[in-house]
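One structure is given below, encoded as structure tokens.
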Amino acid sequence: MTLADLNSRFGIADQLTFIDGPNGLVFAEIDNALGSAYICLQGAHITTFRPKDQVEPVIWVSKFAKFAPGKSIRGGAPVCWPWFGAHATESSFPGHGFARTVMWEVTHSAALPGGETEITLALLETEQTHAQWPHKTRLELNVIVGKSLKASLNTSNLGDTPVQIGEALHTYFQIGDIEEVQVTGLENTVYLDKVGEVARKTQSGAITFNGEVDRVYVDTTATCTIVDARLNRRIVIAKTGSRSTVVWTPWTEKADKMGDFGPDGWRQMVCVESANALENGVTVAAGETHRMTVEYSAEAM
Ligand code: BG6
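Take 101 as the starting number for the sequence shown in my numbering and just add one per residue.
Structure representation (structure tokens):
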């Protein structure tokens, strides 16, 4: 669909416009009285979100992000699907699945009575996606931009046998400084520590950061809060249909190797990912839809 077609079918005056971005990527630009956001049609990737009452965005995107066809964008809210992390058996398949790097199509938009803007995107199946995922599924992301950001990742099994998925909304949150934040909500929760020798541990107290953190917390449906002493705010991350939470920060060495954080960019972000990973992978029965939803909001402290 051309930009003109997108705007005439799904554009909403004073709220939603489709625009050309770098390297031929197309973005939905949402700006209403309550909040603003950009969503890249490649990957259905929300790249940033800011409630109007916040000076700083709630969702971080790297100033050095590479916006390129077929490449994942550093920052925002990448959709990891239909597996999380490395593929179980095929090492040549992309980490975190293919959903974040393939094209999606817009299927719906609406101006909601409360002033929010709603948009729905569906993953476009191609020979490339079928080669890595032969199952009959439909994946949709529904996003509502208002004072908070709501997103629902919906996996429908259109086949006649059960399908097993792993998934995450791998969201990068904007913070003042990684050394001055705490993440609460995961106290006493078991996690897989992926830094160094992989080990299962139990969280004691709030999470604080003074080095690389790469943890998959399992069997948790808890709301998490990023308590940010530098920006004097809390970001609240509520979720449903998700039984894992991933907490990740690369720290200096790893961020430098990744090449798209820029100098010290990693200090202003922390990933708190609502997920179904490891033993929390989801089996979607034939004919059923599994929904994982999140709501991100920010409040002053
Ligand atoms: C996290 C993983 O979810 O994503 C980390 O737990 C990984 O191990 C990180 O490094 C970033 O992944 P990517 O593929 O976006 O660079």
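Glycine is no exception: its CB is placed at the ideal position from the N, C-alpha and C atoms.
Candidates the options: closest to residue i by CA position
| i | options | result |
| --- | --- | --- |
| residue 338 | 192, 316 and 375 | 375 |
| residue 369 | 294, 208, 169 and 270 | 270 |
| residue 116 | 209, 382 and 292 | 209 |
| residue 226 | 235, 401, 220 and 218 | 235 |
| residue 263 | 110, 135 and 385 | 385 |
| residue 170 | 198, 259, 158 and 184 | 198 |
| residue 377 | 181, 352, 205 and 201 | 181 |
| residue 342 | 172, 319, 173 and 325 | 319 |
| residue 346 | 127, 285, 173 and 124 | 285 |
| residue 335 | 305, 355, 122 and 372 | 372 |
| residue 402 | 166, 120, 134 and 176 | Only positions 101 to 401 of the chain appear in the structure, and residue 402 is not among them; the question remains open. |
| residue 125 | 162, 201 and 135 | 201 |
| residue 228 | 193, 256, 136 and 257 | 193 |
| residue 418 | 158, 294 and 350 | In the structure as shown, the chain begins at 101 and stops at 401. Residue 418 is therefore absent and cannot be evaluated. |
| residue 359 | 212, 163 and 104 | 163 |
| residue 251 | 103, 277, 391 and 107 | 391 |
| residue 245 | 131, 379 and 278 | 131 |
| residue 288 | 230, 300 and 296 | 300 |
| residue 108 | 265, 206, 187 and 302 | 206 |
| residue 178 | 138, 380 and 101 | 138 |
C-alpha gap between residue i and residue j, whole angstroms
| i | j | result |
| --- | --- | --- |
| residue 238 | residue 222 | 7 Å |
| residue 280 | residue 272 | 16 Å |
| residue 310 | residue 367 | 11 Å |
| residue 156 | residue 314 | 25 Å |
| residue 298 | residue 291 | 10 Å |
| residue 242 | residue 304 | 35 Å |
| residue 254 | residue 220 | 10 Å |
| residue 110 | residue 151 | 22 Å |
| residue 362 | residue 331 | 21 Å |
| residue 216 | residue 267 | 26 Å |
| residue 348 | residue 248 | 22 Å |
| residue 307 | residue 353 | 21 Å |
| residue 189 | residue 316 | 20 Å |
| residue 204 | residue 112 | 19 Å |
| residue 397 | residue 135 | 11 Å |
| residue 158 | residue 146 | 12 Å |
| residue 327 | residue 276 | 10 Å |
| residue 129 | residue 118 | 6 Å |
| residue 218 | residue 161 | 21 Å |
| residue 127 | residue 120 | 6 Å |
| residue 419 | residue 166 | The requested residue 419 does not occur in the structure, where the chain is confined to residues 101 to 401. |
| residue 364 | residue 356 | 9 Å |
| residue 214 | residue 101 | 29 Å |
| residue 183 | residue 195 | 8 Å |
| residue 106 | residue 302 | 48 Å |
Collapsed DSSP secondary structure at residue i in the structure displayed
| i | result |
| --- | --- |
| residue 194 | coil |
| residue 127 | strand |
| residue 154 | coil |
Run of the beta strand (DSSP E) containing residue i, from where it starts to where it stops
| i | result |
| --- | --- |
| residue 203 | Per DSSP, residue 203 belongs to no beta strand (DSSP E) and is neither H nor E. |
| residue 328 | 324 to 328 |
| residue 314 | 313 to 317 |
| residue 301 | 299 to 302 |
| residue 114 | Element bounds for residue 114: n/a, residue is neither H nor E. |
| residue 137 | 135 to 140 |
First through last residue of the alpha helix (DSSP H) which encompasses residue i
| i | result |
| --- | --- |
| residue 104 | 103 to 110 |
Test: residue i CB closer than 9 Å to a CB of chain B
| i | result |
| --- | --- |
| residue 287 | Absent from the structure: chain B. Only one protein chain is present. |
List in chain order: all unbroken beta strand (DSSP E) runs of 3+ residues lying wholly within the region 215 to 295. 217 to 223, 237 to 245, 249 to 257, 263 to 265, 267 to 269, 272 to 274, 281 to 284 and 290 to 293
Just to confirm the assignment: which complete beta strand (DSSP E) runs, minimum length 3, are found wholly within the region 332 to 396? 333 to 340, 344 to 349, 369 to 376 and 382 to 384
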